[in-house]
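These notes concern the structure reproduced below.
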Amino acid sequence: MSVYVYQTFEIKQGKFKEAVENLQEMKKFRSENYEHKVEILTPITGKDHTYSLLTTYDGLAELELQNKKMFADEEYQKLVEAFFLENIEQGSMQTVMYRSISE
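For our numbering, add 48 to where a residue sits in the sequence shown, where the first one is 1.
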């Protein structure tokens, strides 16, 4: 049963270019080094600077395993730290988790 992690956040207006570049680096790094799929979602309607990440895992156990590996990885920590501290509005991130229904 797949697990989906949906994270929304507001990018600082003065850091738009840097934030998008950082998001792309994070996506590439995660896709190359970890076993899950990451999508960067851009707004069509709503607040122009609210972006999202949609990550798909094979299940809850896989989510836990991949997160443990990512946050033990110093290179990934540097990417995440730069993104959170420099590119998004403090307090704007929200994370929601969903799972698919068995057929």
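Note that CB positions come from ideal geometry on N, CA and C, so glycine has one too.
If you're wondering where the values come from, they're calculated on a predicted model, not measured in any experiment.
Met118 - DSSP class collapsed to helix/strand/coil: DSSP places Met118 in helix when its eight states are reduced to three.
Can you tell me where the beta strand (DSSP E) holding Phe57 begins and where it ends? Going by DSSP, Phe57 is part of the beta strand (DSSP E) stretching over Val51 to Glu58.
With a threshold of 16 other CB atoms inside 10 Å of the CB of Ala120, please say whether the residue is buried or exposed. Here Ala120 is exposed, its C-beta having fewer than 16 other C-beta atoms within 10 Å.
Nearest-angstrom Cα distance between Glu58 and Val86? Spanning the alpha carbons of Glu58 and Val86 requires a straight line of approximately 18 Å.
Whole angstroms are fine: how far does the CA of Glu83 sit from the CA of Tyr132? The sequence given here has Phe at residue 132, not Tyr. Straight-line measurement puts the Cα of Glu83 at about 23 Å from the Cα of Phe132.
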